[in-house]
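Reading through the structure tokens given below for one structure.
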Amino acid sequence: MLLAAYCFFYILRRAYSLLNHLGERNMSKKLIELKNISKSFDGEKVLDNISLYVCEDEFITLLGPSGCGKTTTLRMIGGFTQPDEGDVIFMGERINDVPPHKRNINTVFQKYALFPHLNVYENVAFPLREKKLPKKEIDAKVKEMLSIVMMSAFANRSVASLSGGQQQRVAIARALISRPKVLLLDEPLGALDLKLRKDMQVELKKIQQSTGITFIFVTHDQEEALSMSDTIVVMNEGIIQQIGTPTDIYNEPKNAFVADFIGESNILDGIMLEDYSVHFAGQTFPCLDAGFGPREPVDVVVRPEDVDIVPVEKGMLDGVVNSVTFMGVHYEIIVDIKGFKWMIQTTDFVDEGEHIGIYLEPDAIHIMKKSKYSGMFGDYSSFSNELDELSNPEGENEE
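Counting in my numbering, the sequence shown runs from 6 upward without gaps.
Have a look at this one:
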């Protein structure tokens, strides 16, 4: 009875969160729509009938591994690439054949393409000088934009003397000074070191919120996407795998690819016995999922941070610790449970070789439909000693 009530409130909360986001997006004005877009290069399809929309004032991220089609999608919105099939709609009008300079859309690339012979002020002012705006208007807008990107003190500096992060701010200021409806950002943080990249993640979100300009951001970095985005579009093999808020993408992945690509995940084969009951790893567990067919094969996802280490006698499952890695704020533990290598992230220390039990709360278990990615991810054998054995052919011959 208690589990049923828990399931009801959990499902209600998740449904409210999802509907709230969908409601907010549906109520917002659609700025860009991609309708049934396909694109091939040299006979290889890089986008396969994708459709999505982008709202005004939204920070949306196209996320996926190299070659998934995210940059091609961005370039299509910017007008640098035309679709083989489908339509690009901007503010209600089809713009497939509209060249980039006639779209109210600007782009910041990973290579910032600043003018080395111009100082910071003149780099930012360049688009307005091209439009031959009055000097006073240019000066006011350049000063405003330099203030937004926190570069006012560097106005007279040579761009060659700036750090990577400072150059990026100048490139963003130059792209925004014309007040485009949309700013496209193609992996602009890729060349920065870790600390600067984290700082710029925060700054980019602040800039987007302060200007009210729609940002479409491309990255393969999950942390960037989770920390900055209102909406994430996860892509792979030219297909959109899932669209949602960072919270929904992380907590409710649609398939094994999304679960593995967004953070770490233990992904196991399971059988849904009935609503709220799943069998995997040789045991039956209560869960919060329903709506599957009787005895339907499923993928079971358990995030490493949701696994509790307990004494063996109190565990739902038990196994032997293969490795322990200190990560600063937590330990990353690989434990062998019936031949499957689990990852556990915990602040509790255990020794290699120790026999431990694990305990899973119902809300730690997430059930997904089987997909083409089933069986491809989720076992952390490569984090164990097996990696050393595979790289030691002499040891393998001795066996």
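Glycine residues also receive a C-beta, built at the ideal position from the N, C-alpha and C atoms. This structure is a prediction, so every number in the text was calculated from the model and none was measured.
Check                                                                                                                                                         : Outcome
Quick check: W347 and N256, are their CB atoms within less than 8 Å of each other?                                                                            : no
Return the bridge partner residues of S152 from the DSSP annotation.                                                                                          : DSSP lists no partner for S152.
Going by DSSP, what residue range makes up the alpha helix (DSSP H) through K210?                                                                             : L199 to T216
Flag this pair as yes or no: are the beta carbons of I338 and T352 separated by less than 8 Å?                                                                : no
In this structure, does DSSP put Y385 in helix, strand or coil?                                                                                               : coil
With distances taken Cα to Cα, identify the nearest neighbour of V340 among V317, V334 and G333.                                                              : V317
Given this structure, state the Cα-to-Cα distance separating V238 from E90, to the nearest angstrom.                                                          : 20 Å
Within the continuous beta strand (DSSP E) that includes G324, where are the two ends?                                                                        : L322 to F331
Note down, in chain order, each residue of its chain lying with its Cβ closer than 7 Å to the Cβ of E61, except the 5 sequence neighbours on either side.     : S33, K34, L36 and T219
With a threshold of 16 other CB atoms inside 10 Å of the CB of E229, please say whether the residue is buried or exposed.                                     : buried
Please classify M81 as buried or exposed, where buried requires at least 16 neighbouring CB atoms within 10 angstroms.                                        : buried
If you reduce the DSSP assignment to three classes, tell me which class I143 lands in.                                                                        : helix
Select from S234, Y58, A295 and M277 the residue whose C-alpha is nearest the C-alpha of M96.                                                                 : Y58
From the DSSP output, read off the bridge partner residues of T77.                                                                                            : Partner(s): none; T77 has no beta bridge.
Going by beta-carbon coordinates alone, are F290 and L365 separated by less than 8 Å?                                                                         : yes
For S396, which residues of its own chain have a beta-carbon under 7 Å away from its beta-carbon, when the five flanking residues on both sides are left out? : Legend: pLDDT at S396 = 46, less than 50; position of this residue unreliable, value from coordinates given subsequently. Correct list: empty, nothing qualifies.
Please list the terminal residues of the continuous beta strand (DSSP E) segment that includes P70.                                                           : Where P70 is concerned, there is no enclosing beta strand (DSSP E), given that its DSSP letter is neither H nor E.
Would you identify the three-state DSSP class for H106, choosing helix, strand or coil?                                                                       : helix
Bridge partners of T224, per DSSP?                                                                                                                            : L68
For the beta strand (DSSP E) containing T86, list its first residue and its last residue.                                                                     : Run containing T86: none; DSSP gives neither H nor E here.
Would L123 and F114 qualify as a contact pair, given that the criterion is a beta-carbon distance under 8 Å?                                                  : no
Taking the Cβ atom as the reference point for each residue, do T77 and L39 lie within a distance shorter than 8 Å?                                            : no
Whole angstroms are fine: how far does the CA of P105 sit from the CA of N241?                                                                                : 26 Å
Less than 7 Å between C-beta atoms, sequence neighbours within five positions excluded: which residues of the same chain meet that for A295?                  : D280 and Y281
Please classify D368: does DSSP put it in a helix, a strand, or coil?                                                                                         : helix
Looking at the structure shown, is D191 part of a helix, part of a strand, or coil, going by DSSP?                                                            : strand
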